[in-house]
Every structure is written in structure tokens, then in C-alpha cells.
Amino acid sequence: MKKFYLSVVMAVFLFSGASLFSEEKTSVELTASINWTFGSYKESSFSNISQGFFTPRIQLETKITKGNFMHKIIADYFFTKPNSSMTETAVVYKTYDPVTGEEFYQASVSSLSFHRIKLQYDLSYGVFENQKFQVYAGGFFACNAYLQFENYPSITGLFSLGPVCTANYIIDERNSLSLTGGIPLIGFGVRPPFAGCSAELMKYAEENFLKIFTLGNFLSIHNYQSIFLDFTYNLKATEHFTTGMGLNLEYSRIAQPSERPLYYVDSNFKVFANWRF
Amino acid sequence: MKRFIKLFFILNVIFAFTSCSFFYGKDADLSYQSMFDLLWEDYNETYALFEVRNVDWNAQYNLCKPMVREDMTDAEFFEVLKNLLYPLNDAHVYVKTPFASLNSGEDQTPIDKFSLTEVCSQYIQNPKKCGNNVITYGTLKTDNTVGYIHIAAFSSGQTGINQKQDWASDIDIALEALKNTRCLILDVRGNRGGLTGNVSRISGRFCAQDKTYAISRTKDGKGKNEFDKGVNLEIKKNGKWQYTKPVVLLTNAQTMSAGEEFTMAMCSQPHVTQVGNHTCGVFSLSLQRCLTNGWRYSISVQKVTAPDGTTPEGKGIIPASGNLIVNVTAQDDLQMKKAIQLCSN
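For the protein sequence lines, the chains are A and B, in the order given.
Just so you know, numbering that gives the first Met the number 0 puts 194 at position 195 of the first sequence, and the rest follows in order with no gaps.
Just so you know, numbering that gives the first Met the number 0 puts 193 at position 194 of the second sequence, and the rest follows in order with no gaps.
In C-alpha cells:
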């Protein structure tokens with residue numbers, strides 16, 4: 000499994016490198032978008048309740064088209080303070096002060112926070128083109144992180160590979176639609192252990208943070224089901240500037256450990272500006 | 000085009016509002032029956048110490064489930080949870096609610112009499128603080144060749160996944176000040192624990208011999224005996240020099256968790272003598288989880304054993320019989336008096 004995974008990663012990078020250095024006409028597009036995301040997740044190694052969120056988000060995208068090849072690099076981040084019965088309930092706890100030797104009640108509210116980070120590289124090849132349609136098919140390599148911080152951190156880090164497909168529909172000279180979809184098929188991920196945290200995880204975090212990756216597992220569709228979709232509407236304002244809006248959807252279930260999966264679903268509305276060189 | 004924009008909005012809203020129930024099932028069940036079952040099940044799968052604590056968890060279910068009624072109040076449900084959790088007698092098992100809290104171990108154990116304020120006023124010459132006020136140090140009023148250090152906790156402020164915290168390095172300040180003493184009273188009474196990384200940092204300054212003092216195994220599956228391969232807890236030399244002159248380690252029943260790991264680490268060293276009461280007897284990592292109504296509860300997820308395979312869980316670390324002393328009042332600190340006596344010899 001390990002050899003297979005590494006050879007696929009190598010093949011993707013060699014292939015993408017080769018395509019970038021070919022001598023064909025190149026166009027580069029930079030896209031920045033302002034987003035509103037709503038969704039929820041359940042980190043069942045931490046709690047049996049879902050955490051909802053509604054939050055702004057940042058996405059940056061670079062698209063390089065060279066001949067029939069399309070390279071896309073996406074950087075995506077948001078931070079949120081989720082809502083749930085947990086974050087809305089203040090609790091008290093009787094504790095003890097060793098300085099005075101007396102007991103007292105301490106009130107606390109949850110400081111739960113959640114970060115979502117995604118870096119993705121897509122490499123696609125134009126398989127069909129006419130006056131109205133363009134279809135690209137290829138693969139992607141993604142690095143995903145789902146970070147929850149509360150009483151203790153629950154960190155999920157994933158590297159994944161899978162097919163990606165993009166279809167563009169040209170309505171007229173100024174207006175067009177595009178749809179991109181992908182499904183990770185294999186990956187490697189670090190997840191919180193069954194109990195949520197372990198002595199091994201804490202020891203590695205203390206000694207060498209990168210060593211935590213040795214606690215990871217190979218993933219495939221039996222324990223990692225995910226899909227992402229991206230619809231966009233593009234309005235070409237000038238030769239070099241396009242604006243538009245779109246909708247991203249993502250669903251992921253990472254069942255590692257199998258009894259305590261992470262469920263994640265979001266829906267992201269975006270408004271973007273695109274510069275073409 | 001307007002129709003198209005509208006379609007985007009509608010799609011987005013529909014997806015967002017249906018996604019939760021579609022993927023996660025219906026809304027969280029807030030019935031007392033369901034919450035009881037969830038909590039019982041979570042302990043059943045995750046709690047590491049039923050065998051050590053000699054508790055038949057299925058019997059507890061059969062005893063307590065009939066007490067749960069849907070027409071009961073939160074306060075009554077809280078009382079049922081007391082009946083369920085008190086037999087574990089584990090100070091790392093607690094429930095926090097908006098109106099009260101329970102602690103399975105501490106609610107059933109009297110607090111040992113100890114006050115750092117009293118110790119400082121009666122025995123210590125110009126006590127100083129360092130390490131975010133966690134560390135108090137000085138020398139005895141009666142004998143400035145005997146040093147005193149109190150460590151109130153093994154965590155302070157924000158804790159992240161990386162366990163090392165800057166304040167723990169301030170043990171160096173205290174030890175530099177007490178470098179020329181001939182004996183040291185190291186007091187961890189009332190130390191309710193914290194992070195193992197800070198235990199390693201501080202205990203390393205008192206290490207004469209590198210040693211493995213315990214093995215910590217974490218629950219790794221639903222089965223009663225499913226644990227991971229474990230991690231050795233070690234005391235290793237740390238800092239420019241180590242304090243290897245006689246050390247009297249003061250403990251009491253409020254020395255808990257990482258405070259007890261520190262006690263285990265220190266007691267593995269030949270120059271350390273433990274004095275006071277036994278420690279609390281809770282060594283596991285205590286992980287807080289959440290009920291569907293927002294109440295928090297905590298589970299002990301680890302089994303810590305000494306290198307010989309025995310576990311101090313539930314019993315604590317017990318001083319030798321001549322040094323096992325319980326304070327009657329904080330003002331008359333018999334444990335401190337015994338420590339001073341040992342340092343005088």
C-alpha cells in the first residue's frame with residue numbers, strides 16, 4: 000500500500016512537471032474569493048455532539064493553462080468558534096486552592112475553536128472541447144487539516160489523491176459556468192486515537208512534532224469517504240478581469256479509528272475576482 | 000441571470016439546512032434515558048479502570064437505569080449520575096453542570112489539611128515566587144541550609160498539544176537560589192496535576208539515575224482490555240546540574256495525576272524520601288467529553304503501571320510507615336515538622 004501510494008504521488012508530480020515545461024501557450028489566472036461557509040462537523044473521538052458553524056472564509060486559487068493541460072493550486076482556510084449545546088452551556092466545578100487550602104466553585108465556558116486548512120493541486124487534461132463545452136479530467140493531490148482545540152486538541156491531518164473533473168459551459172462571450180468535482184480515493188492521515196488523546200501522541204508532541212505523522216494510517220474509500228463540488232458562474236468584465244460567484248460543497252467522513260470517525264460537511268458561498276495574464 | 004443567482008442562494012441554503020440531519024441523523028436526543036445511555040456507553044467503551052477499581056459496570060447500569068424517568072428534573076438526573084459514578088471512586092471522573100458538580104473520588108474523601116500560606120508564614124524565610132507563581136521557594140527560618148520548594152501544579156495557563164510550558168523552566172531559578180543548601184524539602188501537597196512534559200522537565204533537575212518509573216497504556220478500542228502498546232514514563236537528567244543531595248518529598252491526598260507521576264519519578268531516586276499522606280491514586284489522563292445537553296464529564300482513559308506490573312491506581316504512592324503522617328489542622332503541619340526533622344539528621 001505504501002509503495003503504491005508513493006509511486007502514484009511520484010507519477011503525479013513527474014507528469015505535472017513535464018507538462019509545465021512544455022513549449023506551448025500559457026495563461027495564468029489568479030482568483031481571490033470572499034466566502035461565507037456554513038456547515039457542521041462531529042469529532043466523535045471528542046464528543047457525541049455535532050458542532051455547527053457559520054463563518055467567513057478565504058480562498059485563493061491559481062490556474063495555469065498550458066496547451067491541453069490545466070494546473071490548479073487552491074489554498075483555503077477558515078477559523079470558527081462553533082455552536083452547540085456544549086459551547087452554549089456554562090458549567091461549574093468544585094475545585095481546591097492549595098495556597099489557602101480551601102475549596103471553591105469555578106465557572107467555565109467552552110473555549111472550543113475549529114480551523115480548517117486545505118491546500119490542493121489539480122492536474123487535468125482537456126479531453127473534450129467545442130464552442131460551448133470544455134471538459135478536463137485528471138487527478139488531484141490535497142493536504143487537509145481539521146483542527147479542533149478545547150480541553151485537549153483533536154487534530155486530523157490528511158494527504159489524499161483522487162480523480163478530479165472540470166466542465167466549463169460557455170453561455171456567451173461574457174458569461175460562463177463551470178463545475179468541478181473530485182473524490183479522494185487513497186490517502187494517508189493522522190487522526191486522534193480512540194480515546195481522543197494518548198500518552199504516545201503527547202510524548203511525540205513534546206519530543207518532535209513531525210514524529211506524530213508516524214502515528215498515521217493509510218486511508219482508502221473503505222474508511223475515508225469524501226466528495227467536493229464547486230459550481231461557479233463567471234462574468235468576464237474585461238480581457239484580463241473576470242468576476243463571479245460560486246458554491247462549494249464538501250462532505251467527508253474519516254473513519255480512523257473505525258469506531259470514532261470525523262464527520263464534516265460544509266456549504267460555501269463565494270464571490271470572487273479573477274485576473275488573467 | 001437573476002434567476003441563476005437566486006438558484007445559487009436557494010441551493011446553498013437548502014444544502015446547509017438539510018446537511019446536518021441528512022448526514023448525522025435527527026437532532027440530538029435530549030431525553031434523560033438517551034443521555035444516560037450515551038454516558039454509560041461512553042464509559043463502557045472508553046474508561047480504562049473498571050477492573051482496577053473493581054466495578055461491575057453492567058451491574059451499575061441495571062441498578063441506575065430504572066432510576067431514570069423522563070419527568071424528572073435536571074437535579075434528579077444529576078443524583079442518578081452520582082449513583083452511577085461514585086462506585087468508581089476516581090477523582091478523574093467528574094460531571095460539571097450549570098448548577099453543581101460531582102467528583103467520583105474527591106466527594107468521598109476528606110481534604111487533607113494543608114495551606115501554603117501557613118507553611119510560608121511559619122517556616123519560610125522571605126518566600127519567593129517564580130514560574131507564573133506556580134513555584135514558591137526559600138530557606139527555612141530556623142536553618143538556612145535547608146531549602147524549600149512548593150510546586151502548586153504541573154500546568155499553568157494555556158495548554159496546547161506540545162506539552163512543554165515556559166514556566167516549568169523557572170525551576171532553574173529556584174534551584175540556583177538553593178544550590179548551596181545541604182537538604183531540600185520539595186512540597187507537592189495540593190498539586191492537582193497537569194502535563195507530563197512539565198513533570199519530565201522539573202523531575203530531571205533532581206535526577207541522579209535515568210530510570211523508567213512507569214508505563215502508561217491508553218484505551219485503544221471498545222473492548223475492556225484493548226489498550227495501545229504504551230509509553231515508558233522516564234526520569235532523565237535535565238539542566239546544567241542536578242540536585243542530588245537529600246530531598247524530602249512532601250505529598251498528601253490532594254497530590255494528584257501528574258503530581259503523582261512526579262512522586263513516582265522522584266521516589267525512583269535513591270536520595271529522595273517521601274513524607275506525608277499517600278497520594279490521591281489517579282494517574283490516568285483525564286479527558287473531558289460532553290453530554291448532548293452541554294454538561295461535561297471526564298473519563299480516565301489510561302492504565303499506569305509500575306515497571307513491576309503493579310498499578311498504584313486507586314491506592315496512590317504511600318510513604319514508608321514511619322513517614323506516613325496525616326495533618327489534623329493546616330496550622331499544625333505535622334508533615335512539615337517531620338520533613339524538617341529528617342533534614343536535621
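C-beta: ideal position from N, C-alpha, C; glycine also.
{"Item": "Tell me the DSSP bridge mates of residue 172 of chain B?", "Value": "None, per the DSSP bridge assignment."}
{"Item": "Below 8 Å on the Cβ atoms is my guess for residue 98 of chain A versus residue 115 of chain B; work out the distance and round it to an integer in Å.", "Value": "5 Å"}
{"Item": "Residue 339 of chain B to residue 248 of chain B, Cα distance in whole Å?", "Value": "11 Å"}
{"Item": "Nearest chain A C-beta to residue 52 of chain B closer than 7 Å, yes or no?", "Value": "no"}
{"Item": "Below 7 Å on C-beta distance, what does residue 108 of chain A contact in chain B?", "Value": "By Cβ distance, chain B contributes nothing, its closest Cβ being about 10 Å from residue 108 of chain A, past 7 Å."}
{"Item": "Within 10 angstroms of its Cβ, does residue 50 of chain B collect 16 or more other Cβ (buried), or is it exposed?", "Value": "exposed"}
{"Item": "Show which residues of chain B have a CB atom less than 7 Å away from the CB atom of residue 85 of chain A.", "Value": "289 and 293"}
{"Item": "Please give the ranges of any alpha helix (DSSP H) in the stretch 174-241 of chain A, keeping only runs that are unbroken, at least 4 residues long and fully inside the region.", "Value": "198-206"}
{"Item": "Short of 7 Å in beta carbon distance, which residues of its chain neighbour residue 317 of chain B, apart from the five on each side in sequence? Order them along the chain.", "Value": "277 and 323"}
{"Item": "Quick one: does residue 186 of chain B have its CB under 7 Å from some CB of chain A?", "Value": "no"}
{"Item": "Can you check which of these residues, B/75, B/180 and B/86, is closest to residue 343 of chain B by C-alpha distance?", "Value": "B/180"}
{"Item": "Bridge partners of residue 254 of chain A, per DSSP?", "Value": "For residue 254 of chain A, which the question treats as bridged, DSSP gives no partner whatsoever."}
{"Item": "Could you give the DSSP three-state label for residue 149 of chain A: helix, strand or coil?", "Value": "coil"}
{"Item": "For the stretch 87-103 of chain A, list every residue whose C-beta sits within 9 Å of some C-beta in chain B, in sequence order.", "Value": "87, 88, 89, 90, 91, 92, 93, 94, 95, 96, 97, 98, 99, 100, 101 and 102"}
{"Item": "Assuming residue 119 of chain B contacts residue 173 of chain B (C-beta within less than 8 Å), just tell me the rounded distance between them.", "Value": "Not confirmed; about 14 Å, so no contact."}
{"Item": "Classify residue 94 of chain B as buried or exposed, calling it buried when 16 or more other Cβ atoms lie within 10 Å of its own Cβ.", "Value": "buried"}
{"Item": "Which whole-angstrom value is the C-beta distance of residue 192 of chain B and residue 153 of chain B, which I expect to be below 8 Å?", "Value": "6 Å"}
{"Item": "In the DSSP output, what is residue 164 of chain A paired with across the bridge?", "Value": "A/136 and A/180"}
{"Item": "What span of residues does the beta strand (DSSP E) with residue 60 of chain A cover, start to end?", "Value": "50-65"}
{"Item": "Could you give the distance in angstroms between the alpha-carbon of residue 26 of chain A and the alpha-carbon of residue 65 of chain A?", "Value": "7 Å"}
{"Item": "Taking buried to mean at least 16 other C-beta atoms within 10 Å of its own C-beta, is residue 236 of chain A buried or exposed?", "Value": "exposed"}
{"Item": "In the DSSP output, which residue or residues are listed as bridge partners for residue 142 of chain A?", "Value": "A/118 and A/158"}
{"Item": "Indicate whether residue 193 of chain A and residue 252 of chain A have their beta-carbon atoms separated by less than 7 Å.", "Value": "no"}
{"Item": "Would you say residue 170 of chain A reaches chain B, if we count a Cβ-Cβ gap shorter than 7 Å as a contact?", "Value": "no"}
{"Item": "Measuring CA to CA, which of A/157, A/241, A/111 and A/263 is closest to residue 172 of chain A?", "Value": "A/241"}
{"Item": "Span of the alpha helix (DSSP H) holding residue 266 of chain B?", "Value": "257-266"}
{"Item": "My understanding is that residue 267 of chain B touches residue 285 of chain B, with C-beta atoms under 8 Å, so please give their C-beta distance in whole angstroms.", "Value": "With 8 Å as the limit, residue 267 of chain B and residue 285 of chain B do not qualify as a contact, their Cβ atoms being about 23 Å apart."}
{"Item": "Quick check on residue 87 of chain B - is its C-beta less than 7 Å from some C-beta in chain A?", "Value": "no"}
{"Item": "Identify the continuous beta strand (DSSP E) that holds residue 215 of chain B and give its terminal residues.", "Value": "210-217"}
{"Item": "Alpha carbon to alpha carbon, what distance is there between residue 244 of chain B and residue 228 of chain B?", "Value": "36 Å"}
{"Item": "May I ask which residues mark the beginning and end of the alpha helix (DSSP H) holding residue 264 of chain A?", "Value": "No alpha helix (DSSP H) contains residue 264 of chain A, which is instead part of the beta strand (DSSP E) from 261-275."}
{"Item": "How far does the beta strand (DSSP E) with residue 271 of chain B in it extend, from its first residue to its last?", "Value": "271-275"}
{"Item": "Is it the case that the Cβ atoms of residue 75 of chain A and residue 50 of chain A are separated by a distance below 7 Å?", "Value": "no"}
{"Item": "To the nearest whole angstrom, what separates the beta carbons of residue 42 of chain B and residue 76 of chain B, a pair I think is in contact under 8 Å?", "Value": "In fact, because the Cβ distance is near 16 Å, the residues do not count as touching under 8 Å."}
{"Item": "What residues of chain A sit near residue 60 of chain B, judged by a beta carbon separation below 9 Å?", "Value": "What residue 60 of chain B touches in chain A: nothing, since even the nearest Cβ is about 18 Å away."}
{"Item": "Going by alpha carbons, who is nearest to residue 61 of chain B out of B/83, B/142, B/319 and B/109?", "Value": "B/83"}
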